[in-house]
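Enquirer:
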């Protein structure tokens with residue numbers, strides 16, 4: 021099946037300059053947001069200005085870079101951490117001299133020298149990878165907004181699933197909201213003629229896996245998904261199977277004493293990984309890997325606690341999904357795409373080309389496959405386990421689940437109608453799943469913003485997370501409790517209304533790389549001045565070993 025070209029969308033184009041210089045472009049997947057970016061950038065260049073385009077991960081946006089290079093030949097500079105020092109210097113020099121007019125890159129590109137900057141685009145503005153979590157900590161989206169204010173530039177924040185904070189800012193009138201509610205036309209109808217009407221979003225069906233168990237189905241694939249996989253393959257379509265967990269099994273447990281094999285340096289259970297031989301997973305050679313510190317250990321056949329031989333692996337990962345789908349459809353060409361298979365230089369481009377040339381029937385992957393892929397032959401997306409990450413003790417867990425499900429569902433049906441998404445879950449009534457099923461961002465936002473307002477989380481407050489780590493568990497707890505008491509006394513003494521402390525408590529991963537971790541969260545009013553925050557931290561002077569994260573993207 022040869023995909024038809026995408027026509028230009030009849031989309032709203034921001035005016036340059038603008039009385040409200042920040043635009044939130046909310047467009048459903050496949051609605052033509054990239055074309056909007058390209059047109060606005062072209063306008064900025066005609067006005068003699070430069071443009072900066074930020075993307076979450078440059079390695080995952082090869083198609084986007086290709087489109088920009090084709091539209092602005094000789095004017096594009098690409099910036100990312102994979103460049104050699106000399107290559108980065110050459111790109112920076114081209115930008116600084118004005119020879120390059122458009123910079124595209126990951127979060128560090130926000131610091132590129134653009135003396136004639138007039139436009140900043142932040143694509144997929146909701147992505148957590150814009151936050152740099154090691155010192156110096158910064159959120160590239162927020163830095164971009166500050167840079168725009170300093171240079172008088174227009175900013176476009178684009179996403180099919182905007183962050184709750186950004187959409188709230190648009191509701192309050194601080195950002196100008198632009199909406200692309202429909203997919204662009206393209207492909208062909210049932211009569212084979214070119215389609216001029218907007219493409220429908222794919223139909224989404226949710227399968228209650230509890231019922232599958234009751235019916236005796238022990239497969240990781242529901243009966244509905246199995247049939248859909250067979251149909252998709254028979255029709256010559258491509259399928260994406262999404263599971264946001266690497267490896268073959270989540271943990272190893274003794275069925276006699278209940279002992280779980282954990283990492284000796286962390287509090288994590290170790291994950292089973294099949295050995296990789298020439299790109300193929302070998303279940304006969306398995307090892308245990310800690311996803312926190314990377315430590316490895318042999319797969320035990322005897323419980324180290326009680327010496328029982330009843331040691332079994334539980335849970336699933338992408339390697340197991342490949343194993344199961346290959347057994348179900350041995351004739352299918354299956355490729356796995358996760359961090360374990362994508363580390364080689366150029367690996368993403370090779371995978372993308374293989375999909376575009378229909379050398380792959382089924383693509384199995386983690387969240388990497390939900391970002392920046394425009395795959396015209398994908399007619400089916402299966403979410404193997406939607407519950408992964410949905411119930412983490414983090415106030416953003418529902419938002420993150422909705423975003424991931426919506427984004428991965430958006431890979432289906434980007435050129436032709438009739439695409440389908442099947443989501444498997446043990447909690448099918450969860451509001452994030454129901455909103456994703458209906459492609460209803462407004463319903464999701466309505467429920468999520470009510471939760472944030474009730475609990476006082478952003479955008480109704482700002483957070484400062486303080487994490488203490490040490491090799492001595494009792495010392496870690498004591499230091500965290502002492503600092504919490506000190507902050508509470510200062511808040512009371514200075515009469516800081518609306519300031520509060522959550523915790524202290526053990527971090528979600530209590531021990532990492534041999535160090536015990538406790539944290540506390542300082543919740544402050546959104547209008548708190550930087551001077552008040554500085555005064556507080558100058559007074560408490562956290563001791564060595566403390567990490568301070570202002571506006572954290574997660575609290576795990």
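Numbering (our numbering), first residue to last: 21 to 576.
The C-beta atom is built at its ideal place from N, Cα and C for all residues, glycine as well.
Computed from a predicted model, the values in this text were never measured in an experiment.
(1) Check for me: the alpha helix (DSSP H) holding residue 87 runs from which residue to which?
(2) Any idea what DSSP makes of residue 464, helix, strand or coil?
(3) Measure the beta-carbon distance from residue 84 to residue 75 and round it to whole angstroms, keeping in mind my assumption that it falls under 8 Å.
(4) Does DSSP put residue 117 in a helix, a strand or coil?
(5) In chain order, what are the residue ranges of uninterrupted beta strand (DSSP E) at least 3 long that sit wholly in the stretch 101-175?
(6) Take the Cβ of residue 97 as the centre, count every other Cβ of all protein chains shown within 10 Å, and call the residue buried at 16 or more, exposed below.
(7) Give the DSSP-derived three-state secondary structure of residue 223 in the structure shown.
(8) Under 9 Å, do residue 294 and residue 305 count as touching if we go by C-beta distance?
(9) Please list the segments of the beta strand (DSSP E) lying wholly inside the stretch 334-395, counting only runs of 3 or more residues, in order along the chain.
(10) Can you say whether residue 210 is buried or exposed, counting buried as having 16 or more other CB atoms within 10 angstroms of its CB?
(11) If you measure between the beta carbons of residue 307 and residue 266, is that distance less than 9 Å?
(12) What's the C-alpha gap between residue 487 and residue 566?
(13) Going straight from the alpha carbon of residue 188 to that of residue 280, what length do you get?
(14) By the 10 Å Cβ neighbour count, where 16 or more other Cβ atoms means buried, how is residue 564 classified, buried or exposed?
(15) Pick helix, strand or coil for residue 210, following the three-state DSSP scheme.
(16) At what residues does the alpha helix (DSSP H) containing residue 193 begin and finish?
(17) In the structure shown, what three-state DSSP assignment does residue 215 receive?
(18) Return the CA-CA distance between residue 338 and residue 149, expressed in angstroms with no decimal places.
(19) Taking the Cβ atom as the reference point for each residue, do residue 246 and residue 348 lie within a distance shorter than 9 Å?
(20) What first and last residue would you give for the alpha helix (DSSP H) that runs through residue 278?
(21) Exposed or buried, residue 475, counting other C-beta atoms within 10 Å across all chains shown (16 or more means buried)?
(22) Count the other CB atoms, across all protein chains shown, that sit within 10 Å of the CB of residue 104; report buried if there are 16 or more and exposed otherwise.
(23) Using CA atoms only, rank isn't needed, just tell me which of 185, 375, 344, 183 is closest to residue 357.
(24) Checking 9 Å against the spacing of the C-beta atoms, do residue 534 and residue 286 come in under that value?
(25) DSSP state of residue 480, grouped into three classes?
(26) Helix, strand or coil for residue 425? Go by DSSP, reduced to three states.
(27) Would you decide whether residue 477 is buried or exposed? Buried here means 16 or more other CB atoms lie within 10 Å of its CB.
(28) By Cβ distance below 7 Å, which residues in the same chain neighbour residue 430 in space, the five residues on each side in sequence not counted?
(29) Mapping DSSP to helix, strand and coil, what is residue 306?
(30) Does DSSP put residue 440 in a helix, in a strand, or in coil?
(31) Would you call the stretch 154-162 and the stretch 105-112 in contact, with 3 or more CB pairs under 8 Å?
(32) Among all the DSSP beta bridges, which residues are the ones paired with residue 536?
(33) Compute the beta-carbon to beta-carbon distance between residue 527 and residue 538, rounded to the nearest angstrom, for a pair I have assumed lies under 8 Å.
(34) Helix, strand or coil for residue 321 per DSSP?
(35) Taking 9 Å as the threshold (C-beta atoms), are residue 56 and residue 44 in contact?
(36) I'd like to know whether the C-beta atoms of residue 263 and residue 408 end up nearer to each other than 9 Å.
Expert: From the atom records:
(1) Taking the first residue of the chain shown as position 1, residue 87 is located at position 67. Looking at the DSSP string, the run of the alpha helix (DSSP H) that includes residue 87 is 82-91.
(2) Sequence index remark: in the chain shown, residue 464 carries index 444 (1-based). The answer is helix: DSSP assigns residue 464 an H, G or I state.
(3) Here residue 84 refers to the residue found at position 64 of the chain shown. Here residue 75 refers to the residue found at position 55 of the chain shown. The pair is a contact, with the Cβ atoms about 6 Å apart (cut-off 8 Å).
(4) Counting from one through the chain shown, the residue named residue 117 turns up at place 97. If DSSP states are grouped into helix, strand and coil, residue 117 belongs with the helices.
(5) Entirely contained in the stretch 101-175, the beta strand (DSSP E) runs reaching 3 residues are, in chain order, 122-125, 137-143.
(6) Taking the chain shown and counting its residues from 1, one reaches residue 97 at position 77. The residue in question, residue 97, is buried, as its Cβ has 16 or more Cβ neighbours within 10 Å.
(7) In the chain shown, the residue the question calls residue 223 occupies position 203. Looking at residue 223 - three-state DSSP - the assignment turns out to be strand.
(8) For the purposes of this step, residue 294 is taken as the residue at position 274 of the chain shown. For the purposes of this step, residue 305 is taken as the residue at position 285 of the chain shown. The answer is yes: Cβ separation under 9 Å.
(9) Entirely contained in the stretch 334-395, the beta strand (DSSP E) runs reaching 3 residues are, in chain order, 354-357, 382-385.
(10) Counting from 1 along the chain shown, the entry for residue 210 is found at position 190. Below a pLDDT of 50, predicted positions are generally treated as unreliable, and residue 210, at 44, falls in that range; no measurement from the model is reported.
(11) In the chain shown, counting from the first residue as 1, residue 307 sits at position 287. In the chain shown, counting from the first residue as 1, residue 266 sits at position 246. Taking 9 Å as the Cβ cut-off, residue 307 and residue 266 do not qualify as a contacting pair.
(12) Against the chain shown, residue 487 aligns to sequence position 467. Against the chain shown, residue 566 aligns to sequence position 546. Just so you know, the alpha carbons of residue 487 and residue 566 end up roughly 6 Å apart.
(13) For the purposes of this step, residue 188 is identified with residue 168 of the chain shown, where counting begins at 1. For the purposes of this step, residue 280 is identified with residue 260 of the chain shown, where counting begins at 1. One Cα belongs to residue 188, the other to residue 280, and the distance between them is close to 43 Å.
(14) Here residue 564 corresponds to residue number 544 of the chain shown, with the count starting at 1. Counting C-beta atoms within 10 angstroms of its own C-beta, residue 564 has fewer than 16 neighbours from the protein chains shown and is therefore classed as exposed.
(15) Start at 1 with the first residue of the chain shown, and residue 210 comes out as number 190. Here the model assigns residue 210 a pLDDT of 44, short of 50, so the residue's position is not dependable, and the following value carries that caveat. Under the three-state reduction of DSSP, residue 210 is assigned to coil, being neither helix nor strand.
(16) Reading the chain shown from its first residue, position 173 is the one you call residue 193. It is not in any alpha helix (DSSP H) - residue 193 carries neither H nor E in the DSSP assignment.
(17) For the purposes of this step, residue 215 is identified with residue 195 of the chain shown, where counting begins at 1. Confidence at residue 215 is low in this model, with a pLDDT of 48, below 50, so its placement is unreliable and no value can be given for it.
(18) Reading the chain shown from its first residue, position 318 is the one you call residue 338. Reading the chain shown from its first residue, position 129 is the one you call residue 149. Cα to Cα, the separation comes out at about 22 Å.
(19) As a working note, residue 246 is residue 226 in the chain shown. As a working note, residue 348 is residue 328 in the chain shown. In contact: residue 246 and residue 348 (Cβ atoms closer than 9 Å).
(20) Along the chain shown, one-based indexing puts residue 278 at 258. Neither: residue 278 is in no alpha helix (DSSP H) and is coded neither H nor E.
(21) Here the question's residue 475 lines up with position 455 in the chain shown. Residue 475 sits exposed, since fewer than 16 C-beta atoms from the chains shown fall within 10 Å of its C-beta.
(22) Translated into positions along the chain shown, residue 104 becomes position 84. Residue 104 is exposed by the Cβ-count criterion.
(23) In the chain shown, residue 357 corresponds to position 337, counting from 1. Of the candidates 185, 375, 344, 183, 375 places its Cα closest to the Cα of residue 357.
(24) For the purposes of this step, residue 534 is identified with residue 514 of the chain shown, where counting begins at 1. For the purposes of this step, residue 286 is identified with residue 266 of the chain shown, where counting begins at 1. Against a cut-off of 9 Å, the Cβ pair of residue 286 and residue 534 comes out as a contact.
(25) The residue you call residue 480 lines up with position 460 of the chain shown. Shown here, residue 480 sits in coil according to DSSP, grouped into three states, outside any helix or strand.
(26) Taking the chain shown and counting its residues from 1, the one referred to as residue 425 is at position 405. In the three-state reduction of the DSSP assignment, residue 425 falls in the helix class, which pools H, G and I.
(27) Reading the chain shown from its first residue, position 457 is the one you call residue 477. So residue 477 ends up on the buried side.
(28) Here residue 430 corresponds to residue number 410 of the chain shown, with the count starting at 1. Cβ within range, chain order: 49, 50, 180.
(29) As a working mapping, residue 306 is identified with position 286 in the chain shown. Residue 306: strand per DSSP, three-state reduction.
(30) Counted from its first residue, the chain shown places residue 440 at position 420. Residue 440 falls in the strand class under three-state DSSP.
(31) Short answer: they don't touch.
(32) Start at 1 with the first residue of the chain shown, and residue 536 comes out as number 516. DSSP lists 490, 531 as partners of residue 536.
(33) For the purposes of this step, residue 527 is identified with residue 507 of the chain shown, where counting begins at 1. For the purposes of this step, residue 538 is identified with residue 518 of the chain shown, where counting begins at 1. In this structure residue 527 is in contact with residue 538, their Cβ atoms being roughly 6 Å apart against a cut-off of 8 Å.
(34) Working through the chain shown from its first residue, we reach residue 321 at position 301. Coil, per DSSP.
(35) Within the chain shown, residue 44 is the residue found at index 24, counting from 1. Within the chain shown, residue 56 is the residue found at index 36, counting from 1. No, these two residues do not count as a Cβ contact at 9 Å.
(36) Residue 263 sits at position 243 when you count from the first residue of the chain shown. Residue 408 sits at position 388 when you count from the first residue of the chain shown. With contacts defined as CB atoms closer than 9 Å, residue 263 and residue 408 qualify as a contacting pair.
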